[in-house]
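In the numbering used here, the protein residues as written are 486 to 654. Glycine included, C-beta positions come from ideal geometry on N, C-alpha and C. Treat the numbers as computed from the prediction; the structure is a model and nothing was measured.
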Amino acid sequence: MNITLIGMAGAGKSTIGKALAKRLNYTFIDVDGMITQRTGISLQALIDEQGDSALTRFEEEAIIGLGQVDNCIISPGGSVVYSEKAMRHLKKISTVVFLDAPFRNIVKRIPNARKRGIVGLGDRSLKELFEERLVLYQKYADFSIRLKGRENIQRIVGRVIQLCFETET
Numbered sequence: 486m487n488i489t490l491i492g493m494a495g496a497g498k499s500t501i502g503k504a505l506a507k508r509l510n511y512t513f514i515d516v517d518g519m520i521t522q523r524t525g526i527s528l529q530a531l532i533d534e535q536g537d538s539a540l541t542r543f544e545e546e547a548i549i550g551l552g553q554v555d556n557c558i559i560s561p562g563g564s565v566v567y568s569e570k571a572m573r574h575l576k577k578i579s580t581v582v583f584l585d586a587p588f589r590n591i592v593k594r595i596p597n598a599r600k601r602g603i604v605g606l607g608d609r610s611l612k613e614l615f616e617e618r619l620v621l622y623q624k625y626a627d628f629s630i631r632l633k634g635r636e637n638i639q640r641i642v643g644r645v646i647q648l649c650f651e652t653e654t
C-alpha cells in the first residue's frame, strides 16, 4: 500500500509525509526533489527558464515513472492536480489524502511564494490558485484532513493511518 499526500505548497506534505514514512517504515518519495535532481535546477528556475508547462510535464513524467512502487509515502508538488494522467496513476497505486490547510496558514508558511516554484503564479494570485486547486484536491482525494495550523504532526500522522488502514471501503 502507498499513500499520496496532496495539497497546496506550505500545507505540510513533506513534513507530514516524512513523519508518516518513519512511523510506517515506508519510503518517502519527494516528487519535487526528484525533479530538481533530474533537472539540476530549482523549481522556480525551471519555471523561469522553461515555463509552468515544463514543471507540470516533469512532474507528470516523474509520477508515471514511479511505476508500481510499494510501501511508499508520495509527496507530489501542489500542482500535480493539473495533470489528470498523473492523478489517475496516483489513484491507481495509492490512497490519496488531501491535507486541507486554510489559506491564512499557507500564506504564513510561504511568505515569498513567487520564489517557491509554484505553477500558475505568473498570471494569478496565490489566493486565486488556492481557490482553483481546492476543487481539484477535493475531486481527487480519497480522504481529506482539515488542518487548522498548529497541529501536532504525530496526531495528523495517526489520523492518516486511521483513515487509510482502518476505514472500511
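Give me the Cα-Cα distance between residue i and residue j, rounded to the nearest whole angstrom.
i: V642; j: D555; result: 19 Å
i: L575; j: L648; result: 17 Å
i: G492; j: I630; result: 10 Å
i: I578; j: S538; result: 24 Å
i: K593; j: G634; result: 10 Å
i: L606; j: E616; result: 13 Å
i: T524; j: F543; result: 9 Å
i: F628; j: N597; result: 29 Å
i: G602; j: G536; result: 10 Å
i: E636; j: R644; result: 11 Å
i: Q623; j: V566; result: 10 Å
i: K503; j: I548; result: 18 Å
From which residue to which residue does the beta strand (DSSP E) around residue i run?
i: R631; result: 628-631
i: D585; result: 580-585
Are there 16 or more other CB atoms within 10 angstroms of the CB of residue i, so buried, or fewer, so exposed?
i: F583; result: buried
i: R618; result: buried
i: E534; result: exposed
i: S560; result: buried
i: M486; result: exposed
i: I638; result: exposed
Just verifying my parser: in three-state terms, what is the DSSP assignment at residue i?
i: V604; result: coil
i: I488; result: strand
i: I514; result: strand
i: S560; result: strand
i: G495; result: coil
i: G552; result: coil
i: L502; result: Reading off the sequence, residue 502 comes out as Gly, not Leu. G502 falls in the helix class under three-state DSSP.
i: R573; result: helix
i: R635; result: coil
Which residue comes first and which comes last in the alpha helix (DSSP H) that contains residue i?
i: Y622; result: 611-625
i: I526; result: That residue, I526, is in no alpha helix (DSSP H); it is neither H nor E in DSSP.
i: D537; result: 537-549
i: G643; result: 638-646
i: I591; result: 588-594
Can you check whether the C-beta of residue i is within less than 9 Å of a C-beta belonging to chain D?
i: Y622; result: No chain D appears in the structure shown, which is made up of a single protein chain.
Decide if the segment 580-597 is in contact with the segment 508-524; the criterion is three or more beta carbon pairs, one per stretch, under 8 Å apart. no
Determine contact between the segment 496-509 and the segment 520-538, defined as no fewer than three beta-carbon pairs at a distance below 8 Å. no
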